[in-house]
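Trainee: Once you've had a glance at the structure underneath, I'll fire off some questions.
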Amino acid sequence: MDDMTFNIFEPSPEPVIDPAIDIEAEIDRLRHERNAIILAHYYQDPAIQDIADFVGDSLDLSRKAAATDADVIAFCGVRFMAEVAKILSPEKTVVLPDMRAGCSLEESCPPEEFAAFRHAHPDHIAITYVNCSAAVKAETDIIVTSSNAVAIINQLPKDQKILFAPDRHLGAWLSEKSGREMVLWPGTCIVHERFSERELIKLKAQYPDAPVAAHPECPVQILDLADHVGSTSSILKFAGESTADTVIVATEPGIIHQMQKARPDKTFIGAPGADGNCNCNMCPFMAMNSMEKLYVALRDLEPQIVLDEDVRLRALKPLQRMLEMSPAAAPATDLSTVHTDTAVSA
Ligand code: SF4
1033 MDDMTFNIFE
1043 PSPEPVIDPA
1053 IDIEAEIDRL
1063 RHERNAIILA
1073 HYYQDPAIQD
1083 IADFVGDSLD
1093 LSRKAAATDA
1103 DVIAFCGVRF
1113 MAEVAKILSP
1123 EKTVVLPDMR
1133 AGCSLEESCP
1143 PEEFAAFRHA
1153 HPDHIAITYV
1163 NCSAAVKAET
1173 DIIVTSSNAV
1183 AIINQLPKDQ
1193 KILFAPDRHL
1203 GAWLSEKSGR
1213 EMVLWPGTCI
1223 VHERFSEREL
1233 IKLKAQYPDA
1243 PVAAHPECPV
1253 QILDLADHVG
1263 STSSILKFAG
1273 ESTADTVIVA
1283 TEPGIIHQMQ
1293 KARPDKTFIG
1303 APGADGNCNC
1313 NMCPFMAMNS
1323 MEKLYVALRD
1333 LEPQIVLDED
1343 VRLRALKPLQ
1353 RMLEMSPAAA
1363 PATDLSTVHT
1373 DTAVSA
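Using our numbering, read the sequence shown as starting at 1033 and increasing by one per residue.
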C-alpha cells in the first residue's frame, strides 16, 4: 500500500494505456481468464457499474464476497469494502483499482484511539459501522451496515449498553429508531454532511410533490426533511416503488444511475449542497477508481489487499456475527422494480 504522506483526496495517477486497447473488451477477457468477479458499489462511476458482475450496497457486497467461488475479486468501491471481502475470503485475491480510495469515516477513527475509547467504556458492547478499517473491526463486537443495523441492535438485551462508531449521524438515527441510548464516536461522512438544509427546502418548494429519500449518514436537519430514510438499497427500492414522478435523492449521486436505468419514466434529482448543486456531494474516494485502473488491476492482479492474519481473524468474528444476525437478504422480486438489469451475478 502507498505510504500515507499524500493528500488523502489525491487519487493514484491514471495508468498509461495503449489507446488502441479496447478497455471494456479487455476487462471482459481478463475477468474470464482470471475467473474473477467484479463487485461494484452503487456510488461507482456508471461505466464501472455497467461492467460489474454485481452492483450493491455494503451488505449486498459483503454477502456476495463471502459466497462467490471466483478466484479473484475486483472490488470497485473503497478500501474498507475490499478489506471486508479479504476478511471473509482470505484464499481469494482481492484487488482494488485504486488503493488510495479511502473513506472519511475510516480516517476519523484511528485504531489506537478507538481501542482507548472502548477501554473507557468496559461495560458497553462495541458496534461499528462497516465503514472503518480492518484494525477497528478487530476491536469490535458486532459490525453493522445501514441496511441491518436497526434489526441487529433490536436483538440485543434492552439493558445492554452500546457504543457506536464511527458515524455520529448514523449513530444518532439508530439511537432514535431503536430507542436505545448510545455513546457515539464523533466521525462523519464528508459527502453526506455537505447537503444543505436551506437549498433542500428551496428544492422541495420547487418540486412540492417529490418525496425526499435520504441516507442516515446525513445530519438530522436533512433527515427531518426526508420522506424515507434508509440504506442505499432501500433508497433505490423506495425510488422505484414511489408513485411520484420525481424523487429527490440525498445520498451520493452515483446511485441515480441505477434509478434511471430501472425507471427511465421518472426524474431523480440529487439533493443540493451549499452551492445549490449536487456535484460537491460526489464521493472523492469512490471517484478514484476508473475503468483504466480496473483493467490494470485485473491484468496485473495489483494493487492487492493484504491483511495481517491476526487482525483478519479478529475482524472476522464481528463480521460473522453481523452476517448471522442480519435479516435474510430480500428476495430478488422485492427489488425487481429497480434491479432488473443491475445484479448480473457471476
Ligand atoms: S460516501 Fe462517505 S461514507 Fe461512503 S465512502 Fe465516501 S466518504 Fe466514506
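Note that CB positions come from ideal geometry on N, CA and C, so glycine has one too.
1. What would DSSP say about D1332, mapped onto helix, strand or coil?
2. Measure the C-alpha to C-alpha separation of I1174 and A1181 and round it to an integer number of angstroms.
3. Taking just the CA atoms, how far does D1259 sit from P1243?
4. For the putative contact between V1279 and A1245, defined by C-beta atoms under 8 Å, what is the C-beta separation to the nearest angstrom?
5. G1272 lies in the beta strand (DSSP E); which residues open and close that run?
6. Compare the C-alpha of S1140 against each of L1093, A1133 and A1197 and name the closest.
7. Which same chain residues end up closer than 8 Å to A1183 when comparing Cβ atoms and leaving out the 5 residues on each side of it in sequence?
8. Just to check, is the beta-carbon of N1321 closer than 7 Å to a non-hydrogen atom of the ligand SF4?
9. Looking at N1186 and the ligand SF4, is the gap between the Cβ and the nearest heavy atom below 7 Å?
10. With three or more beta-carbon pairs closer than 8 Å as the criterion, would you say the segment 1164-1171 touches the segment 1343-1357?
11. Assign A1364 to one of three DSSP states: helix, strand, or coil.
12. Give me whichever residues DSSP pairs with I1069 in a beta bridge.
13. How far does the beta strand (DSSP E) with G1211 in it reach, from first residue to last?
14. Take M1131 as the anchor and find which of A1319, F1086 and Q1238 has the nearest alpha-carbon.
15. Nearest CA to the CA of V1048: which residue from K1124, E1341, M1323 and N1313?
16. Report buried or exposed for F1041, applying the criterion of at least 16 other Cβ atoms within 10 angstroms of its Cβ.
Mentor: Taking the structure as given:
1. Here residue 1332 is taken as the residue at index 300 of the sequence shown, counted from 1. Of the three classes helix, strand and coil, the one that applies to D1332 here is helix, per DSSP.
2. The residue given as residue 1174 occupies position 142 in the sequence shown. The residue given as residue 1181 occupies position 149 in the sequence shown. Computed Cα separation, rounded: 10 Å.
3. Residue numbering aside, residue 1243 sits at position 211 when the sequence shown is read from its first letter. Residue numbering aside, residue 1259 sits at position 227 when the sequence shown is read from its first letter. C-alpha separation (whole angstroms): 6 Å.
4. The residue you call residue 1279 lines up with position 247 of the sequence shown. The residue you call residue 1245 lines up with position 213 of the sequence shown. Going by Cβ atoms, the distance from V1279 to A1245 rounds to 6 Å, so yes, they are a contact pair.
5. Residue mapping note: residue 1272 aligns to position 240 of the sequence shown, counting from 1. Taken as a continuous stretch (DSSP letters only), G1272 belongs to no beta strand (DSSP E), being part of the alpha helix (DSSP H) at T1264 to E1273.
6. Translated into positions along the sequence shown, residue 1140 becomes position 108. Ranked by how close their Cα comes to the Cα of S1140, the residues L1093, A1133 and A1197 have A1197 in first place.
7. As a working mapping, residue 1183 is identified with position 151 in the sequence shown. Excluding sequence neighbours, A1183 sits near M1357, S1358 and P1359.
8. Counting from one through the sequence shown, the residue named residue 1321 turns up at place 289. Checking the Cβ of N1321 against the ligand SF4 gives no.
9. Counting from one through the sequence shown, the residue named residue 1186 turns up at place 154. Result no, Cβ not under 7 Å from the ligand SF4.
10. As far as the Cβ criterion goes, the segment 1164-1171 touches the segment 1343-1357, which means the pair count is three or higher.
11. Position 332 of the sequence shown, counted from the start, is the residue given in the question as residue 1364. The predicted model places A1364 with a pLDDT of 35, which falls under 50 and marks its position as unreliable; any figure quoted below should be read in that light. For A1364, the three-state secondary structure derived from DSSP is helix.
12. Within the sequence shown, the letter at position 37 stands for residue 1069. According to DSSP, which records beta bridges pairwise, I1069 is partnered with I1105.
13. Reading the sequence shown from its first residue, position 179 is the one you call residue 1211. No beta strand (DSSP E) holds G1211; DSSP gives it neither H nor E.
14. Position 99 of the sequence shown, counted from the start, is the residue given in the question as residue 1131. The shortest C-alpha separation from M1131 is found at A1319.
15. As a first step, residue 1048 is located in the sequence shown; it is residue number 16 there, counting from the start. Checked all of K1124, E1341, M1323 and N1313; the closest Cα to V1048 is M1323.
16. Position 9 of the sequence shown, counting from 1, holds the residue named residue 1041. The residue in question, F1041, is exposed, as its Cβ has fewer than 16 Cβ neighbours within 10 Å.
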